[in-house]
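Working notes, beginning with the structure itself.
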Amino acid sequence: MRRELAEEELKSFSEGQSLDQAAEQFAKSALAFIILALEIEERQRQLKQDVDLRNRGSRAKQTSDIVDKRLRLRKLLARFEVQQIHFMPIVASLRAEVAANASGPIEVENLPLYLPSSLSQQQRAACLTPTLASIEFRLRNAQCSESLDELRNQLLIKSRLITYKEARYQAAWDAYGKLHDGTVPWQKLRPSDIRCMGDADQVSGNSRKRLGKTSRTTGMVRAQEIMHGVSPSGEEEDRDSNEDEDQDAGGEVSLQTLERQRRKKRDELIQKTGEGFRKIPWIWQAADGKGYASDESLYNGLRVEWAKSYARLRRWQEEVLLLREEMRRTLATLSWTASIWDSRTLNTGFLDDHAEGATAYAHRQADILRRLKDRFEILWTNSRIENEEAEEGDKEAASDVGEDGNDSEYMAVTEDEL
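Position 390 of the sequence shown, counted from 1, bears residue number 390 in full-length UniProt numbering, the numbering being contiguous throughout.
Structure follows, in structure tokens:
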């Protein structure tokens, strides 16, 4: 439809015009104006969805991203309003009326566009360009047709996926097992192996939010213990003890038990959705009973999955380096701040009793900072040792996979091609 309208618009251009003159004339045409309006309308709809996701607690849409989109949409809307005054002068009075009745500023995604379809017949008759309504009608008709085609395609893809999963793969898997006394080299396909976009991430995001509340509560208690001189050394020693021993006479769960449960839940959540822990699904690595891939397209798909995993690995390694640098700077900052408080004990600027109190306060602040630094060093050293052990285990696993001729040959070829 846009091509047909553009061809009609092209016929109105004079033959002697240059390309720049034709482009400038088209930018000021009624067709370009309506196309711009529909683009702004679509961006407003997407922005409303992003704001709704953020308000419902999803971490996929951050506030900074929404602010950037609002800024870009505001600039686009300003250009649209300038053109609209030229084609539809009556809109100026409508905007002024809405602004006067509004109780506060209106967000850019909620601003009305006043397209011909939203005006009355008398208001449309007041427009300088009478073809605006017909152009919008034809573009709206094309939108309906295109939207239905896209919806049908998506439903067809989903239907074929479900049909293939249930009627083809699972049926073949069951038949194979019956023919070979239940021995099937293929892995059984389960509903959890096929995940739609955002399914597990949304569930894990809610769990992360609940975990954060628990972490803040137990963290405040632990910080108070550290500041008052309670040693945290026994925390790791009691990790493998019986939970009954962690309960007092009244049957209440101790802080160590709560902390251990929180850490276990935290580790599980990290393994779920962290980019550094994503693995290539077995579907992409499936082979026949002899261990050989039976379709050349599998290699192409596996190359894509391997490239994405490799990119995630590189990003994760960069994040680890940045995090270690932040740890180092945190420890250096705590040491430097403690030394500042030590220097204040020598020259307090007070006399007699006030000087003694100021000196004691400075010693206390320096001691708190040093205990925090020692605590962070213990936590981060243990964490770093665990990570190094995990990395060694990953290297050993990779070397074991490399002993298989098929896997090592494929990985080598893929890495060279990439």
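The beta carbon of each residue, even a glycine, is placed where N, CA and C say it ideally should be.
Per the C-alpha coordinates, the member of A171, D149, Q261, I340 positioned closest to D367 is I340. Between the alpha carbons of R344 and H354 lies a distance of about 13 Å. Taking 8 Å as the upper bound for CB-CB distance, A30 and T163 are not in contact here, some 47 Å apart. Separation of E39 and S145 (C-alpha to C-alpha, rounded to the nearest whole angstrom) is 17 Å. When the beta-carbon positions are compared, L36 and Q83 come within less than 9 Å of each other. In the DSSP assignment, T63 falls within the alpha helix (DSSP H) that extends over 63–87. For L31, the enclosing alpha helix (DSSP H) covers residues 30–55.
For Q256, the three-state secondary structure derived from DSSP is helix. In this structure, F87 lies near C127, with their beta-carbon atoms less than 9 Å apart.
Proximity of the region 358–375 to the region 331–340 meets the contact definition, three or more beta-carbon pairs being nearer than 8 Å.
A residue is called buried when at least 16 other Cβ atoms come within 10 angstroms of its Cβ; Y310 does not meet this threshold and is exposed. Taking all protein chains shown into account, L156 has fewer than 16 neighbouring C-beta atoms within 10 Å of its C-beta and is therefore exposed. Bounds of any alpha helix (DSSP H) do not take in Q187, whose DSSP letter is neither H nor E. Judged by their CB atoms, A142 and S117 are not nearer to each other than the 9 Å cut-off.
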